[in-house]
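Student: Structure incoming, see below.
There are 2 protein chains.
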Amino acid sequence: MQKVSLKFLSKELGLAEGTVSRALNGYSDISEATRSRVIACAEKHNYKANQTARRLATGVAEAVAYLMPANTNALSEPFVSQLLEGLGQSLARRNWDLLVVQASSSEEEAETIAKLSRSGKVSGVVISRPYKQDSRIELLRKYKVPFIVHGRSVSHADYAWYDVDSESAFMDAVDHLVMLGHRQIGFIGAPTYYHFAQMRLDGYRAGILSNGLKVNDSLIEVAELSDDAGERAAVNMLKSPASPTAILCATDTQAIGALAAIRAQGLEPGKDVSVIGYDGLAFGKHTNPPLTTMAQPLAHSGRQIGDMLLAIIDGGNPTDYQELRSAKLVRRMSDGPISGHTE
Amino acid sequence: MQKVSLKFLSKELGLAEGTVSRALNGYSDISEATRSRVIACAEKHNYKANQTARRLATGVAEAVAYLMPANTNALSEPFVSQLLEGLGQSLARRNWDLLVVQASSSEEEAETIAKLSRSGKVSGVVISRPYKQDSRIELLRKYKVPFIVHGRSVSHADYAWYDVDSESAFMDAVDHLVMLGHRQIGFIGAPTYYHFAQMRLDGYRAGILSNGLKVNDSLIEVAELSDDAGERAAVNMLKSPASPTAILCATDTQAIGALAAIRAQGLEPGKDVSVIGYDGLAFGKHTNPPLTTMAQPLAHSGRQIGDMLLAIIDGGNPTDYQELRSAKLVRRMSDGPISGHTE
DNA sequence: CTTGATTCCGAAAGCGCTTTCGGAATAGCG
DNA sequence: CGCTATTCCGAAAGCGCTTTCGGAATCAAG
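Heads up: the sequence lines are chains Y and C, in that order. No gaps in the numbering here: position 251 of the first sequence is 251 in the working numbering, and each next residue is one more. No gaps in the numbering here: position 84 of the second sequence is 84 in the working numbering, and each next residue is one more.
The following block contains the structure:
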């Protein structure tokens, strides 16, 4: 199988390489006659420009990297595949590549970003789950790499992001619980170096206060992003004197752990203690009982993020690309009126 | 920020570009003295060779693509992230890139592979979940792209693969169920164009026969790879006169659906009807009841697959890289002795 | 028929790196 | 000290494509 390069085509056609290239790339100084000849020949031989050479010549990488969050745990990973799928679709329309890069530690993360930017192999980057102060964001800015973040850090005024308003989602969740008669509402949060964790906690607090309740610190636990951690946090909280009748969790994964903790105490989630998660993971339908959750619109987020990033790479102003979606309550079976409420 | 290229370094050092390059790449015709000078200078200026140029010059892509299976559904996706993570780690040790490419349809898949091979942007490919006859495999072979498949097709003698022996896993599962007293054992399979689906079905059949039972076609259903499909298949089977006391499912996702179906009939999974899944997904711990499953060793499969592919790219013989792992039973709560067994 | 404007294409210079080749400088040997 | 063998580096030719520039050929206008 003869390798079909520009040179090959040019010989075949009796044209100069540059001419063939220009014909293929839509330059206006090529007559329609020869252009169609060239295109026909290219198709006939199934010509695909060597991307590497093209990249080198044009200086544009035609590729985007997704920085995979380190230490993800199996339960929450579906969001990675979803995002990747959407990103891929968005990039595919331009024939761009999607690179997945990872770094295990955060120092390594800096190193990785530095390498990415210098090696010039990507024209843009997307990162997930930013910290409150996120050094990745600062680096990306410093190196002037176009990027978009899936989530927001504290000062998110001057870069592009796509996020779901979890703060008001948690306010809504508290409202919902209060409406069901709950007064002792607990919160299992995530480590607050994650900005999303802080926002969710803020939403919880705001919701409590706006309902005329008092924030009780013994009803607040912080747990890692895993089912086991959620479970441990829930047993702690259940043990505390301020026994909650409902528990809000920062993530579905933790909420699932909480469910287990409640059942382990001989209590019935959804009757004795309500629990509401956040994320809207599909398998929440199958937990025991099915998990009520604040669902975020995951569906096309990947594609949208991709489109936004592309727009920025094309010269768009990053601050024009900030999008805040909202989550909505999906009631399944893990919430209910406070027990004894009907007495 | 001055861009630091080979030219820059060579001027800085008063050496020729080629010399600097050779020094950095460990050629033996460079004196140790100048080599260390060069390295020091490179580090000082944080030089990273432009990958694109390097690729063009050497002709090696230094990148591997993962062909994302189309139409994955959220419930089963954790395996994608896991695989990607492992692959990434493996490639990172050489500083290679991981590309994620996808194709929505199978014609598009062929197109994608063709493009991949011709554009020369990857030196290897990994694909998942092969069909019995998989055109992707044939294409990859035809184009002489090094590849490895995660799973096996029917004729898997002459390429590299990494798979779990689900056939014997299903035989084991049947044995287990028989030991618990079950005689009416149903099977919810996947579409048999997936070779894994065929192998699991074969394992089921072999298990039934080796236990002196008879294969009853009304106890065999085929369902898509989703919880809903699993549920539908299970209600069908439960409706049939040959009422099963246990159901084996080709995937955990389907098994979870089966659990729901059983409960919907007012029966108790694990007591009235046992169900055993396959995959060992983490969230099986949280289903109602927790799902007994044949767990495959997902943990480092990604890294291993990456290492195997790299070895092949380095010139290894593909057939030397075929690895068959085995799954093992993880008992949770969805299996139990046949009801009435103790009477 | 001459001149100036257009249209269309060829030639050539890169993009930043690798790698081969040859030659100067040094070393080893008799 | 002369000669060959080493050691070490510079020069240059690509890798396959893009893009600028200029010029030949064609056209319209005077």
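A virtual CB, placed ideally from N, CA and C, is assigned to each residue, including glycine.
Anyone know if the C-beta pair for Val222 of chain Y and Gly189 of chain Y falls short of 8 Å?
Tutor: Here residue 222 of chain Y is taken as the residue at index 222 of the first sequence, counted from 1. Here residue 189 of chain Y is taken as the residue at index 189 of the first sequence, counted from 1. Their beta carbons are under 8 Å apart, which means Val222 of chain Y touches Gly189 of chain Y by this criterion.
Student: Should Pro290 of chain Y go down as buried or exposed, given a rule of 16 or more other Cβ atoms within 10 Å for buried?
Tutor: Residue 290 of chain Y sits at position 290 when you count from the first residue of the first sequence. Classification for Pro290 of chain Y: buried.
Student: Going by DSSP, which residues form a beta bridge with Glu108 of chain Y?
Tutor: Against the first sequence, residue 108 of chain Y aligns to sequence position 108. Answer by DSSP bridge pairing: none, since Glu108 of chain Y is not bridged.
Student: Relative to the C-alpha of Leu298 of chain C, which residue among C:Ser240, C:Leu310, C:Asp279 is closest?
Tutor: Here residue 298 of chain C refers to the residue found at position 298 of the second sequence. Ranking C:Ser240, C:Leu310, C:Asp279 by Cα distance to Leu298 of chain C puts C:Asp279 first.
Student: Can you tell me which of the three DSSP states Tyr162 of chain C falls into?
Tutor: Within the second sequence, numbered from 1, the residue matching residue 162 of chain C stands at position 162. In the structure shown, Tyr162 of chain C sits in a strand (DSSP, three-state: E or B).
Student: From the DSSP output, in three-state form, read off Ser5 of chain Y for me.
Tutor: Position 5 of the first sequence, counting from 1, holds the residue named residue 5 of chain Y. If DSSP states are grouped into helix, strand and coil, Ser5 of chain Y belongs with coil.
Student: Counting contacts by CB-CB distance shorter than 8 Å, is Pro191 of chain Y in contact with chain C?
Tutor: Residue mapping note: residue 191 of chain Y aligns to position 191 of the first sequence, counting from 1. Chain C, which has no Cβ nearer than 8 Å to the Cβ of Pro191 of chain Y, makes this no.
Student: Residues of chain Y with CB under 8 Å from Leu98 of chain C, in chain order?
Tutor: Counting from one through the second sequence, the residue named residue 98 of chain C turns up at place 98. Those are Leu99, Val100, Val101, listed as they occur along chain Y.
Student: Using Cβ-Cβ distances below 7 Å, what residues of the stretch 115–137 of chain Y are close to chain C?
Tutor: Result list: Lys115, Arg118, Ser119, Gly120, Lys121.
Student: Could you name the residues of the same chain whose beta carbon sits closer than 8 Å to that of Glu111 of chain C, not counting the 5 residues immediately before and after it, in chain order?
Tutor: By one-based count along the second sequence, residue 111 of chain C stands at place 111. Here the set comprises Ala103.
Student: By the 10 Å Cβ neighbour count, where 16 or more other Cβ atoms means buried, how is Gly336 of chain C classified, buried or exposed?
Tutor: In the second sequence, residue 336 of chain C corresponds to position 336, counting from 1. Looking at its Cβ environment, which holds 16 or more other Cβ atoms inside 10 Å, Gly336 of chain C is buried.
Student: Determine, using beta carbons only, whether Arg93 of chain C and Tyr194 of chain C come nearer to each other than 8 Å.
Tutor: Walking along the second sequence from the start, residue 93 of chain C turns up at place 93. Walking along the second sequence from the start, residue 194 of chain C turns up at place 194. No, these two residues do not count as a Cβ contact at 8 Å.
Student: Within 10 angstroms of its Cβ, does Tyr27 of chain C collect 16 or more other Cβ (buried), or is it exposed?
Tutor: Numbered from 1 along the second sequence, position 27 holds the residue referred to as residue 27 of chain C. So Tyr27 of chain C counts as exposed.
Student: Is there a C-beta anywhere in chain Y that falls below 8 Å from the one on Tyr88 of chain C?
Tutor: Looking up residue 88 of chain C in the second sequence gives position 88. It is worth fixing the name first, because residue 88 of chain C is Gly in this sequence and not Tyr. Yes, Gly88 of chain C lies at the interface with chain Y (some Cβ there is under 8 Å from its Cβ).
Student: With a Cβ-Cβ cutoff of 8 Å, do Asn288 of chain C and Leu259 of chain C count as a contact?
Tutor: Start at 1 with the first residue of the second sequence, and residue 288 of chain C comes out as number 288. Start at 1 with the first residue of the second sequence, and residue 259 of chain C comes out as number 259. Their beta carbons are under 8 Å apart, which means Asn288 of chain C touches Leu259 of chain C by this criterion.
Student: Over the uninterrupted alpha helix (DSSP H) stretch that includes Thr19 of chain Y, give me the two end residues.
Tutor: Taking the first residue of the first sequence as position 1, residue 19 of chain Y is located at position 19. Its alpha helix (DSSP H) spans residues 17–24.
Student: Drop a sphere of 10 angstroms on the beta-carbon of Val149 of chain C, count the other beta-carbons inside from all chains shown, and report buried for 16 or more, exposed for fewer.
Tutor: Residue numbering aside, residue 149 of chain C sits at position 149 when the second sequence is read from its first letter. So Val149 of chain C counts as buried.
Student: Tell whether a beta-carbon distance below 8 Å holds between Arg35 of chain Y and Ala23 of chain Y.
Tutor: Stepping through the first sequence from its first residue, residue 35 of chain Y is reached at position 35. Stepping through the first sequence from its first residue, residue 23 of chain Y is reached at position 23. Closer than 8 Å, so yes.
Student: Quick check: the stretch 198–212 of chain C against the stretch 166–179 of chain C, are at least 3 beta-carbon pairs closer than 8 Å?
Tutor: At 8 Å Cβ cutoff, the stretches touch.
Student: Any Cβ of chain C within less than 8 Å of the Cβ of Met199 of chain Y?
Tutor: Within the first sequence, the letter at position 199 stands for residue 199 of chain Y. Output row for Met199 of chain Y: interface = no.
Student: Step through the CB atoms of chain Y and report whether any lies within less than 8 Å of the CB of Ile113 of chain C.
Tutor: Counted from its first residue, the second sequence places residue 113 of chain C at position 113. No, Ile113 of chain C lies away from the interface with chain Y (no Cβ there is under 8 Å from its Cβ).
Student: Going by other Cβ atoms of all chains shown within 10 Å of its Cβ, with 16 needed for buried, is Glu85 of chain Y buried or exposed?
Tutor: Here residue 85 of chain Y is taken as the residue at index 85 of the first sequence, counted from 1. The residue is buried, with at least 16 neighbouring Cβ atoms inside 10 Å.
Student: Can you give me the C-alpha to C-alpha distance between Arg37 of chain C and Leu9 of chain C, rounded to a whole angstrom?
Tutor: Stepping through the second sequence from its first residue, residue 37 of chain C is reached at position 37. Stepping through the second sequence from its first residue, residue 9 of chain C is reached at position 9. Taking the straight line from one Cα to the other gives about 11 Å.
Student: By alpha-carbon positions, which one of C:Ser339, C:Glu323, C:Gly124 ends up nearest to Leu91 of chain C?
Tutor: Sequence index remark: in the second sequence, residue 91 of chain C carries index 91 (1-based). Among C:Ser339, C:Glu323, C:Gly124, the Cα nearest to that of Leu91 of chain C is on C:Gly124.
Student: Within a Cβ cutoff of 7 Å, which residues of the same chain sit near Gln82 of chain Y, ignoring the five residues on either side of it in sequence?
Tutor: Here residue 82 of chain Y corresponds to residue number 82 of the first sequence, with the count starting at 1. Only Leu298, Gly302 meet the Cβ criterion.
Student: If we define contact as Cβ-Cβ less than 8 Å, is Asp272 of chain C a contact residue for chain Y?
Tutor: On the second sequence, position 272 is the one that residue 272 of chain C refers to. By this cut-off, Asp272 of chain C is not an interface position.
Student: In chain C, which residues lie less than 7 Å from Pro297 of chain Y when you measure between Cβ atoms?
Tutor: Taking the first sequence and counting its residues from 1, one reaches residue 297 of chain Y at position 297. Under the 7 Å cutoff, chain C gives no residues; its nearest Cβ is about 14 Å from Pro297 of chain Y.
Student: Please tell me whether Leu116 of chain Y and Val101 of chain Y are closer than 8 Å, where the distance is taken between their beta carbons.
Tutor: Translated into the one-based positions of the first sequence, residue 116 of chain Y becomes position 116. Translated into the one-based positions of the first sequence, residue 101 of chain Y becomes position 101. Contact: yes.
Student: Going by CA-CA distance only, name the one from Y:Ile137, Y:Ala49, Y:Phe147 that's closest to Val126 of chain Y.
Tutor: On the first sequence, residue 126 of chain Y is found 126 positions in, with the first residue counted as 1. Answer by Cα proximity: Y:Phe147.
Student: What span of residues does the alpha helix (DSSP H) with Glu32 of chain Y cover, start to end?
Tutor: The residue labelled residue 32 of chain Y in the question sits at position 32 within the first sequence. Counting along the chain, the alpha helix (DSSP H) containing Glu32 of chain Y begins and ends at 32–44.
Student: Who pairs with Ile188 of chain C in a beta bridge, going by DSSP?
Tutor: Looking up residue 188 of chain C in the second sequence gives position 188. Paired residue(s): C:Glu221, C:Cys249.
Student: Which value, in whole angstroms, describes the spacing of the CA atoms of Glu180 of chain Y and Ile338 of chain Y?
Tutor: Position 180 of the first sequence holds residue 180 of chain Y. Position 338 of the first sequence holds residue 338 of chain Y. The question names Glu, yet the displayed sequence has Leu at residue 180 of chain Y. Their backbone Cα atoms lie some 6 Å apart in a straight line.
Student: As an exercise, report each continuous alpha helix (DSSP H) stretch of at least 4 residues that is fully enclosed by the stretch 241–291 of chain C, in chain order.
Tutor: Taking only runs of at least 4 residues, the alpha helix (DSSP H) segments lying wholly in the stretch 241–291 of chain C are 252–264.
Student: Could you tell me how far apart the beta carbons of Leu213 of chain Y and Arg183 of chain Y are, in whole angstroms, since I believe they sit closer than 8 Å?
Tutor: Residue mapping note: residue 213 of chain Y aligns to position 213 of the first sequence, counting from 1. Residue mapping note: residue 183 of chain Y aligns to position 183 of the first sequence, counting from 1. Between Arg183 of chain Y and Leu213 of chain Y the Cβ distance is about 6 Å, and since that is below 8 Å, they are a contact.
Student: Can you look up Arg200 of chain C in the DSSP assignment and give me helix, strand or coil?
Tutor: Counted from its first residue, the second sequence places residue 200 of chain C at position 200. If DSSP states are grouped into helix, strand and coil, Arg200 of chain C belongs with the helices.
Student: Once DSSP output is grouped into helix, strand and coil, what is the label at Glu138 of chain C?
Tutor: Residue numbering aside, residue 138 of chain C sits at position 138 when the second sequence is read from its first letter. Note: Glu138 of chain C maps to helix in three-state DSSP.
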